[in-house]
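Chemist:
Numbering (this note's numbering), first residue to last: 69 to 208.
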């Protein structure tokens, strides 16, 4: 079953997308590990600590503008320590505005999704990336 890491400092984003994913995942508590789970955090150091503690996340969804370390720092950490984890950059910035996301970001397992986006679009991307690894665990 899938474990997702969702990184964003905006409580409204957590509420909207977390609620949507919780319904789709049929989890009772989005911040706890279940068979299918979404773990949410608010900044780069928290994300890196979670990845160090539990390197078995199946997918990461990360905003760029997060406190202390940005989404680029998180992406570099993931590529250095867990390169097999698919990474969704979910941000209002374009890739052209973010120099650390060079041509290497455009490889398999990396997707940029512009905010705001319908939760269904995020779910579609998550399912697509996970289906490359295994059969999708999300219910449509």
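A virtual CB, placed ideally from N, CA and C, is assigned to each residue, including glycine. From a predicted model like this one, the values you see are computed outputs, not experimental measurements.
#1: Assuming the contact rule is C-beta atoms closer than 8 Å, residue 140 and residue 181 should be a hit. Round their C-beta distance to whole Å, please.
#2: In the DSSP assignment, what are the bridge partners of residue 133?
#3: If we ignore side chains and look at the alpha-carbon of each, how far apart do residue 151 and residue 106 end up?
#4: In chain order, what are the residue ranges of uninterrupted alpha helix (DSSP H) at least 4 long that sit wholly in the stretch 115-169?
#5: Can residue 77 and residue 121 be called in contact, C-beta distance under 8 Å?
#6: Check whether the Cβ atoms of residue 175 and residue 197 lie closer than 8 Å to each other.
Modeler: Inspection of the coordinates gives the following:
#1: Working through the chain shown from its first residue, we reach residue 140 at position 72. Working through the chain shown from its first residue, we reach residue 181 at position 113. Not quite, the Cβ-Cβ distance comes to about 16 Å (not below 8 Å), so this is no contact.
#2: Your numbering for residue 133 matches position 65 in the chain shown. Answer by DSSP bridge pairing: none, since residue 133 is not bridged.
#3: Here residue 151 refers to the residue found at position 83 of the chain shown. Here residue 106 refers to the residue found at position 38 of the chain shown. Going from the Cα of residue 151 to the Cα of residue 106 covers about 19 Å.
#4: 139-149
#5: Here residue 77 refers to the residue found at position 9 of the chain shown. Here residue 121 refers to the residue found at position 53 of the chain shown. For residue 77 and residue 121, no; Cβs fall outside 8 Å.
#6: Here residue 175 corresponds to residue number 107 of the chain shown, with the count starting at 1. Here residue 197 corresponds to residue number 129 of the chain shown, with the count starting at 1. No; because the gap between Cβ atoms is not below 8 Å, this pair is not in contact.
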